[in-house]
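Chains as they are written, first to last, in our numbering: chain P, 1 to 262; chain L, 1 to 57.
Single-structure report; data block below.
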Amino acid sequence: MTQSQYINDFFKTYSKFLSKELYRAMRPNGTLQSTEGIVINYYGGRPSQYLANFVRTFYTIIDFNDKDEKLNNITRYNKKLIDVYLNKIKNPLSINLEGEKLTENALFCEAIKDKKFVYTLELYYEAFYRFLNHAKNNQFLKHTVTSKHSALFLQPTIEFYNALSHLYIAYSNEKETDIHSNINKALSHIHRGTLDYYKKLIKFVDLDTADQEKLVDLRKKEFLSIGINTNDDTKINIIENYAKFVFTLLTKFPNNALKTSK
Amino acid sequence: MNDIQREAFATTKLATTYIINDEDESTGNIADINADLNEEEIEILTELDKLFESYYN
Numbered sequence: 001m002t003q004s005q006y007i008n009d010f011f012k013t014y015s016k017f018l019s020k021e022l023y024r025a026m027r028p029n030g031t032l033q034s035t036e037g038i039v040i041n042y043y044g045g046r047p048s049q050y051l052a053n054f055v056r057t058f059y060t061i062i063d064f065n066d067k068d069e070k071l072n073n074i075t076r077y078n079k080k081l082i083d084v085y086l087n088k089i090k091n092p093l094s095i096n097l098e099g100e101k102l103t104e105n106a107l108f109c110e111a112i113k114d115k116k117f118v119y120t121l122e123l124y125y126e127a128f129y130r131f132l133n134h135a136k137n138n139q140f141l142k143h144t145v146t147s148k149h150s151a152l153f154l155q156p157t158i159e160f161y162n163a164l165s166h167l168y169i170a171y172s173n174e175k176e177t178d179i180h181s182n183i184n185k186a187l188s189h190i191h192r193g194t195l196d197y198y199k200k201l202i203k204f205v206d207l208d209t210a211d212q213e214k215l216v217d218l219r220k221k222e223f224l225s226i227g228i229n230t231n232d233d234t235k236i237n238i239i240e241n242y243a244k245f246v247f248t249l250l251t252k253f254p255n256n257a258l259k260t261s262k
Numbered sequence: 001m002n003d004i005q006r007e008a009f010a011t012t013k014l015a016t017t018y019i020i021n022d023e024d025e026s027t028g029n030i031a032d033i034n035a036d037l038n039e040e041e042i043e044i045l046t047e048l049d050k051l052f053e054s055y056y057n
């Protein structure tokens, strides 16, 4: 399969997921019993594992290389996963996005290869990984059970989910300006998601005076960059600097420097 | 792609990792990632984790 075919396949699969998800995400979790005694299961909220899986799959397709058989298997299992998920949803309501009619979009496939876009996606995934890895190694999830700082993981995943919506719109579009504009909007969400991961990690680490000063400097630069296009090097540097800062903090406190709730 | 990013793709285990549900901050609602997944989903995600590991190694 060509990269263009993989991208088409990806958005068709995503469209199937989205056709149910647009409605389902607005419903609560749990089981309800109607007056007639009929039990209805609701699967509300957002299935983060699925969203996270979209992240890695999308990147792998964009960073296309000659491992066709392996990518084929990934695509095949992704479809299987989405089918299982759709079967699991008891509420049958879906929104017809006509995703099955999507045709290959050469303009999108060219635009998405933009080096800065790919690089920002890599930075996002690195932040995702650092967060998960640190969470597992330091067991701070146990602490955050009683912490007010519990909003840690879902938000950046949702940012990527929002980015995917823009990418889907871009892929469904034939106008070059709309394609670029939506890819740029997607980039903004990915940028925000990456910063979310790092900011949440920083919140749990005790900072010495030097680190406090570094953080002040980072925040100032970030604030002064408001309004600058996410594709600009200044913006990308901000993520890189956050990444370096967090990496230094985590290296300094490898075991458990994370604060419990206060 | 740098080594850390490559490792990230190769080692992320979506089938067994933690998840934090931040939709209700007031209760600090945190669930294990498998809480909402059925056996079939866990099985497929495990397979996908292996496939990504193989792809990026």
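We put the CB at the ideal spot given by N, CA and C, even for glycine.
List the residues of chain P whose Cβ lies closer than 8 Å to the Cβ of residue i, in chain order.
i	result
Asn38 of chain L	Val84 and Lys88
Glu53 of chain L	Chain P residues near Glu53 of chain L: none, gap ~10 Å exceeds 8 Å.
Between residue i and residue j, what straight-line distance do the alpha-carbon atoms span, to the nearest angstrom?
i	j	result
Ser26 of chain L	Asp208 of chain P	For Ser26 of chain L, the pLDDT reaches just 40, beneath the cut-off of 50, and the residue's location in the model is therefore unreliable, leaving the point undetermined.
Phe54 of chain P	Ile62 of chain P	12 Å
Leu167 of chain P	Asn182 of chain P	6 Å
Arg76 of chain P	Asp217 of chain P	46 Å
Gln212 of chain P	Thr57 of chain P	37 Å
Tyr198 of chain P	Ala163 of chain P	18 Å
Glu39 of chain L	Thr103 of chain P	34 Å
Phe10 of chain P	Ala210 of chain P	46 Å
His264 of chain P	Val118 of chain P	The displayed coordinates of chain P run from 1 to 262. Any statement about residue 264 of chain P would go beyond what the structure contains.
Pro47 of chain P	Ala186 of chain P	20 Å
Leu81 of chain P	Thr46 of chain L	11 Å
Lys20 of chain P	Met26 of chain P	11 Å
Gln5 of chain P	Gln5 of chain L	25 Å
Asn237 of chain P	Ala243 of chain P	10 Å
Phe247 of chain P	Lys214 of chain P	13 Å
Lys70 of chain P	Asp3 of chain L	20 Å
Leu250 of chain P	Phe128 of chain P	14 Å
Leu86 of chain P	Leu224 of chain P	44 Å
Glu126 of chain P	Ala8 of chain L	6 Å
Lys263 of chain P	Leu51 of chain P	Here chain P comprises residues numbered 1 to 262, so residue 263 of chain P is not present and cannot be evaluated.
Glu176 of chain P	Phe108 of chain P	8 Å
Lys88 of chain P	Gly227 of chain P	42 Å
Leu123 of chain P	Glu43 of chain L	29 Å
Asn184 of chain P	Asp49 of chain L	29 Å
Lys221 of chain P	Lys235 of chain P	9 Å
Phe12 of chain L	Glu159 of chain P	Note that residue 12 of chain L corresponds to Thr in the displayed sequence, not to Phe. Going from the Cα of Thr12 of chain L to the Cα of Glu159 of chain P covers about 19 Å.
Leu18 of chain P	Tyr59 of chain P	19 Å
Ile54 of chain L	Ala10 of chain L	What sits at residue 54 of chain L in the sequence shown is Ser, not Ile. Looking at the two C-alpha atoms, the distance is approximately 7 Å.
Lys12 of chain P	Glu98 of chain P	9 Å
Lys116 of chain P	Met1 of chain L	12 Å
Asp233 of chain P	Ile112 of chain P	17 Å
Asn73 of chain P	Leu51 of chain L	7 Å
Ala15 of chain L	Leu37 of chain L	9 Å
Glu240 of chain P	Ser188 of chain P	15 Å
List, in order along the chain, the chain L residues whose C-beta lies closer than 8 Å to that of residue i?
i	result
Leu81 of chain P	Glu41, Ile44, Leu45 and Leu48
Tyr125 of chain P	Gln5, Ala8 and Phe9
Glu98 of chain P	Per Cβ cutoff of 8 Å: no residues; Glu98 of chain P is ~26 Å from chain L at best.
Is it buried or exposed for residue i, if we count other Cβ within 10 angstroms and need 16 for buried?
i	result
Asn65 of chain P	exposed
Lys16 of chain P	buried
Lys142 of chain P	Confidence at Lys142 of chain P is low in this model, with a pLDDT of 44, below 50, so the placement of that residue should be treated as unreliable; the coordinate-derived value is given next. Exposed is the call here.
Ile196 of chain P	Residue identity differs from the one stated: residue 196 of chain P is Asp in this sequence, not Ile. Asp196 of chain P is buried by the Cβ-count criterion.
Glu110 of chain P	exposed
Gly193 of chain P	buried
Leu154 of chain P	buried
Glu41 of chain L	buried
Asn105 of chain P	buried
Asn96 of chain P	exposed
Leu201 of chain P	buried
Arg24 of chain P	buried
Asn78 of chain P	buried
Asn229 of chain P	exposed
Arg219 of chain P	exposed
Asn8 of chain P	buried
Thr157 of chain P	buried
Thr120 of chain P	buried
Anything in chain L within Cβ reach of residue i, meaning under 9 Å, just list it in chain order.
i	result
Tyr129 of chain P	Ile4, Gln5, Glu7, Ala8, Phe9, Thr11 and Thr12
List the residues of chain L whose Cβ lies closer than 7 Å to the Cβ of residue i, in chain order.
i	result
Glu122 of chain P	Met1 and Gln5
Just verifying my parser: in three-state terms, what is the DSSP assignment at residue i?
i	result
Asn53 of chain P	helix
Regarding residue i and the ligand FMN, is the C-beta to nearest heavy atom distance less than 6 Å?
i	result
Phe64 of chain P	In the structure shown, the ligand FMN is absent, as is every other ligand, since no ligand is present at all.
task = Identify each residue in the region 48-77 of chain P for which the Cβ-Cβ distance to at least one residue of chain L is less than 8 Å, and report them in chain order.
result = Ser48, Gln49, Ala52, Asn53, Arg56, Tyr59, Thr60, Asp63, Lys67, Lys70, Leu71, Asn73, Ile74 and Tyr77
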